[in-house]
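Undergrad:
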Amino acid sequence: MMICITAQAPGLDAPVEPRFARAPFFIFIETGTGEAHSVANALCGGPGGIGPRAVQFVVEYGVEALVTGRMGEHAVRALRAAGIPAYAFAGESTVADALEAYRSGTLPELS
Amino acid sequence: MRLVVASGKGGTGKTTVAANLAHALTRSREVVTVDCDVEAPNLHLFFPSPSREVPVRTPVPAVDRDRCTLCGACGHFCRFGAISVLRSEVFLFPELCHGCGGCGYVCPEGAIRDDHRTIGSVRCSRPAPSLTLIGGALNEGEVQAPAVVRHAKRLAAGAPLIIYDAPPGIGCTVIETLKGVDACLLVTESTPFGVHDLALAAAVVRQFGLPTGVVINRSDGEDGETRRACRELELPVLMTIPFDREIAAVQNRGGLISREYEGWNRRFSTLFEDVCRVGGET
Numbered sequence: 331m332m333i334c335i336t337a338q339a340p341g342l343d344a345p346v347e348p349r350f351a352r353a354p355f356f357i358f359i360e361t362g363t364g365e366a367h368s369v370a371n372a373l374c375g376g377p378g379g380i381g382p383r384a385v386q387f388v389v390e391y392g393v394e395a396l397v398t399g400r401m402g403e404h405a406v407r408a409l410r411a412a413g414i415p416a417y418a419f420a421g422e423s424t425v426a427d428a429l430e431a432y433r434s435g436t437l438p439e440l441s
Numbered sequence: 046m047r048l049v050v051a052s053g054k055g056g057t058g059k060t061t062v063a064a065n066l067a068h069a070l071t072r073s074r075e076v077v078t079v080d081c082d083v084e085a086p087n088l089h090l091f092f093p094s095p096s097r098e099v100p101v102r103t104p105v106p107a108v109d110r111d112r113c114t115l116c117g118a119c120g121h122f123c124r125f126g127a128i129s130v131l132r133s134e135v136f137l138f139p140e141l142c143h144g145c146g147g148c149g150y151v152c153p154e155g156a157i158r159d160d161h162r163t164i165g166s167v168r169c170s171r172p173a174p175s176l177t178l179i180g181g182a183l184n185e186g187e188v189q190a191p192a193v194v195r196h197a198k199r200l201a202a203g204a205p206l207i208i209y210d211a212p213p214g215i216g217c218t219v220i221e222t223l224k225g226v227d228a229c230l231l232v233t234e235s236t237p238f239g240v241h242d243l244a245l246a247a248a249v250v251r252q253f254g255l256p257t258g259v260v261i262n263r264s265d266g267e268d269g270e271t272r273r274a275c276r277e278l279e280l281p282v283l284m285t286i287p288f289d290r291e292i293a294a295v296q297n298r299g300g301l302i303s304r305e306y307e308g309w310n311r312r313f314s315t316l317f318e319d320v321c322r323v324g325g326e327t
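So, in structure tokens, the structure goes:
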């Protein structure tokens, strides 16, 4: 299944970005194969209202779960409407570490 | 004559000047005032009287789920995140919507029509025989302040003499207030902040090509910097109101110096003539 991890740069070695919609990069990872695609987030420098737009973007990419630090109220409501769970990953680790933590099933769900 | 009282910096005395000017002019003519500071309206505090209130409504999209094919065109178009297509539904955030109607325009299925919701109100009162008070008020949590300013201004349209009390700053609501007016008074105070923000406001007003004069409020008599700035900006100083306990006392009890002192009444009448002269009107 496809998940998305927010990052400060492209690639699995990039540091995780704690903010969802303002993350410079979305790293899309197929958990079955480990295949990763890094996509620059065109919305990250925009004005208000980017939360729901970022949700729409990852939904269209076919994401089924999201790993990030935190997100705004609009993004939370939009994700909930889309039925996609979001998991909280704290700390200054890499996307690979976050993926490992997600796979271990220890990440708490963001509310 | 449509005159805006603006400032750049907040708290310099826009409303004080607008209220005193309005009161002084009601002796000789019909005056309509419009409080355009819709996020914190306060002009009415100087003219307590019962008011009529009309709601300000703005369009928001309503989606016909039977026609919608979830193609996503509306969500891609909206730059404010007010409408998103998420898997099996179209999700709306009405409070993010700016009412542009673009989502309905790009929908290939004709599945979006305009609904309406209330974002604020415009109040109208008649506190004196020749004074009409119009004021906009934006509801808490709403973002479309310019729409409320627009509605308030529309209610006053056509009156021969309109005084607009502008919001502070130089943002969207100030721009909306300045549209279609004839002249501007910028109220400042002789502090570094006052001078700095006066220059910002002057730059905006210049974009509109508006004849403009300056009122220095709460002057401690050391206005050298402010006057120098006005010379550089080529703005005439038309009035100076001193930093004075007696004036502050009148103000604090909701009074008007143009009502309580004949001298100030005359000075505000003269201020109006002066700004008309700057604007080329007699």
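Note that the protein sequences, when read in sequence, are chains R and Z. If you count by my numbering, then the first sequence holds residues 331 to 441, one letter each, in order. If you count by my numbering, then the second sequence holds residues 46 to 327, one letter each, in order. Beta carbons: idealized from backbone N, C-alpha and C, even for Gly.
Listed in chain order, which residues of the segment 128 to 139 of chain Z have Cβ atoms closer than 9 angstroms to some Cβ of chain R?
TA: So the close ones are Ile128, Ser129, Val130, Leu131, Arg132, Ser133, Glu134, Phe136 and Phe138.
Undergrad: Exposed or buried, what is Asn87 (chain Z) when buried is set at 16 or more other beta-carbons lying within 10 Å of its beta-carbon?
TA: It is exposed - the Cβ of Asn87 (chain Z) has fewer than 16 other Cβ atoms within 10 Å.
Undergrad: Compute the minimum distance between the beta carbon of Val385 (chain R) and the heavy atoms of the ligand GTP, and state whether it is under 7 angstroms.
TA: In the structure shown, the ligand GTP is absent, as is every other ligand, since no ligand is present at all.
Undergrad: On the criterion of 16 or more Cβ atoms from any shown chain inside 10 Å, does Gln386 (chain R) qualify as buried, or is it exposed?
TA: The residue in question, Gln386 (chain R), is buried, as its Cβ has 16 or more Cβ neighbours within 10 Å.
Undergrad: Taking a cut of 9 angstroms between CB atoms, which residues from the segment 106 to 126 of chain Z lie near chain R?
TA: Correct list: Gly117, Gly120, His121, Cys123, Arg124, Phe125 and Gly126.
Undergrad: Any C-beta of chain Z within less than 9 angstroms: which residues of the segment 377 to 401 of chain R qualify?
TA: The residues in question are Pro377, Gly378, Gly379, Ile380, Gly381, Pro382, Arg383, Ala384, Val385, Gln386, Val389 and Glu390.
Undergrad: Alpha carbon to alpha carbon, what distance is there between Ile357 (chain R) and Ile335 (chain R)?
TA: If I take the Cα positions, the gap works out to 5 angstroms.
Undergrad: At what residues does the beta strand (DSSP E) containing His367 (chain R) begin and finish?
TA: Start and end: Ala366 to Ala370.
Undergrad: Give the interface partners of Leu141 (chain Z) over in chain R, defined as CB-CB distance under 8 angstroms, in chain order.
TA: Per Cβ cutoff of 8 angstroms: Gly378, Gly379, Pro382 and His404.
Undergrad: Return the residue from the list Z:Ile292, Z:Val295, Z:Ser303 and Z:Gly239 that minimises the CA-CA distance to Arg272 (chain Z).
TA: The candidate whose alpha carbon is nearest that of Arg272 (chain Z) is Z:Gly239.
Undergrad: If you compare alpha carbons, which of R:Met401, R:Ile414 and R:Val389 is closest to Ala420 (chain R)?
TA: Considering only alpha carbons, the answer is R:Met401.
Undergrad: What does the alpha-carbon distance come out to for the pair Asn262 (chain Z) and Thr61 (chain Z)?
TA: Between Asn262 (chain Z) and Thr61 (chain Z), the C-alpha separation is close to 9 angstroms.
Undergrad: Could you give the residue range of the beta strand (DSSP E) that holds Ser235 (chain Z)?
TA: Taken as a continuous stretch (DSSP letters only), Ser235 (chain Z) belongs to no beta strand (DSSP E), as it is neither H nor E.
Undergrad: List the residues of chain Z whose Cβ lies closer than 9 angstroms to the Cβ of Gly408 (chain R), in chain order.
TA: Strictly speaking, residue 408 (chain R) in this sequence is Ala, with Gly absent from that position. Simply Gly126, Ser129, Leu131, Phe136 and Phe138.
Undergrad: I'd like to check one pair, Asp80 (chain Z) with Asp210 (chain Z): are the Cβ atoms closer than 8 angstroms?
TA: In contact: Asp210 (chain Z) and Asp80 (chain Z) (Cβ atoms closer than 8 angstroms).
Undergrad: Counting beta carbon pairs with one atom in the segment 313 to 323 of chain Z and one in the segment 55 to 74 of chain Z, are three or more of them shorter than 8 angstroms?
TA: Contact holds: three or more Cβ-Cβ distances are below 8 angstroms.
Undergrad: Check for me: the alpha helix (DSSP H) holding Ile220 (chain Z) runs from which residue to which?
TA: First-last of the alpha helix (DSSP H) with Ile220 (chain Z): Cys217 to Leu223.
Undergrad: Can you check the segment 162 to 232 of chain Z for any alpha helix (DSSP H) of at least 4 residues that lies completely inside it and give the ranges in chain order?
TA: Counting whole runs of 4 or more residues, the segment 162 to 232 of chain Z contains the alpha helix (DSSP H) stretches 190 to 201 and 217 to 223.
Undergrad: Does DSSP classify Cys334 (chain R) as helix, strand or coil?
TA: Here Cys334 (chain R) sits in strand by DSSP.
Undergrad: Which runs of the beta strand (DSSP E) spanning at least 3 residues fall entirely within the segment 59 to 100 of chain Z, listed in chain order?
TA: Fully enclosed beta strand (DSSP E) runs of 3 or longer: 76 to 80.
Undergrad: Please state the DSSP three-state secondary structure of Leu137 (chain Z).
TA: Note: Leu137 (chain Z) maps to strand in three-state DSSP.
Undergrad: In three-state DSSP terms, what is Thr327 (chain Z)?
TA: Interpretation of Thr327 (chain Z) is limited by its pLDDT of 49, a score under 50 that renders its predicted location unreliable; the figure taken from the coordinates is listed afterwards. Here Thr327 (chain Z) sits in coil by DSSP.
Undergrad: Inspect the beta-carbon positions of Val77 (chain Z) and Ala201 (chain Z) and report whether they are closer than 8 angstroms.
TA: Yes, the pair counts as a contact, with Cβ atoms nearer than the cut-off.
Undergrad: Unbroken beta strand (DSSP E) runs of length 3 or more, entirely within the segment 229 to 315 of chain Z: which are they?
TA: You should have 257 to 264 and 282 to 287.
Undergrad: When you compare only the Cα positions, how much space is there between Gly379 (chain R) and Thr218 (chain Z)?
TA: Whole-angstrom Cα-Cα distance: 20 angstroms.
Undergrad: In whole angstroms, what is the alpha-carbon distance linking Arg304 (chain Z) and Arg298 (chain Z)?
TA: If you take the alpha carbons of Arg304 (chain Z) and Arg298 (chain Z), they lie about 13 angstroms apart.
Undergrad: Name the chain Z residues whose beta carbon is nearer than 7 angstroms to that of Gly341 (chain R)?
TA: Chain Z residues near Gly341 (chain R): none, gap ~27 angstroms exceeds 7 angstroms.
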